[in-house]
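J.: Below are the structure tokens for one structure; questions will follow.
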């Protein structure tokens with residue numbers, strides 16, 4: 361892959377990776393090695409977290425479509441080698457959270473993949489993309505679950521309490537209603 365053509369697109373968002381589609385790869389150990397190495401990049405490259413998570417879900421039985429997705433990820437990394445996470449001094453100490461989920465998005469298990477991004481001022485300080493451990497019964501259930509309370513507590517322990525309320529942005533009306541009326 362050192363001489364591969366760069367790619368400006370991270371994932372093919374039209375196709376979902378399924379467990380049993382395609383033929384098994386000839387060398388599963390090489391697939392696991394190639395898929396495992398870029399995991400460390402997610403510490404400074406939050407934009408690749410979802411793609412890494414999707415590729416690593418199939419390490420137990422990698423197939424040709426999984427290898428194709430992995431190669432596209434590696435070609436994207438080659439094209440964006442100078443990208444990274446930059447932290448800047450910010451005058452704002454506001455905590456803002458963005459969250460989203462694809463309700464029952466896995467074609468094999470019908471489990472949702474959820475993700476979030478937490479900003480302190482203008483700096484991204486926490487992010488995640490992961491498959492939920494249980495099947496969500498609704499889109500609201502898939503979108504809820506992230507609590508900014510832990511971040512507020514951590515900042516208070518660091519003697520930097522937040523004066524403003526934490527803003528949580530979510531695209532599901534039911535999840536927003538549940539957050540304002542939890543009982």
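In our numbering, the protein residues as written are 361 to 543.
Each residue gets a CB set at the ideal place from its N, CA and C atoms; glycine is no exception.
(1) What does the alpha-carbon distance come out to for the pair residue 526 and residue 489?
(2) Is it right to say residue 436 is buried, meaning 16 or more other beta carbons lie within 10 angstroms of its own, or is it exposed?
(3) Sorted by chain position, which residues of the same chain lie with C-beta nearer than 6 Å to residue 529's C-beta, five sequence neighbours on each side aside?
(4) Give the range of the alpha helix (DSSP H) segment to which residue 528 is assigned.
(5) Can you check DSSP and say which residues form a bridge with residue 457?
(6) Roughly how many angstroms separate the alpha carbons of residue 440 and residue 514, rounded to a whole number?
(7) At the level of alpha carbons, what is the spacing between residue 431 and residue 424?
(8) Can you name the start and end residues of the alpha helix (DSSP H) that residue 515 belongs to?
T.: Here's the rundown:
(1) 21 Å
(2) buried
(3) 458
(4) Note, residue 528: premise wrong, no alpha helix (DSSP H); beta strand (DSSP E) at 527-530.
(5) 478 and 528
(6) 33 Å
(7) 10 Å
(8) 509-517
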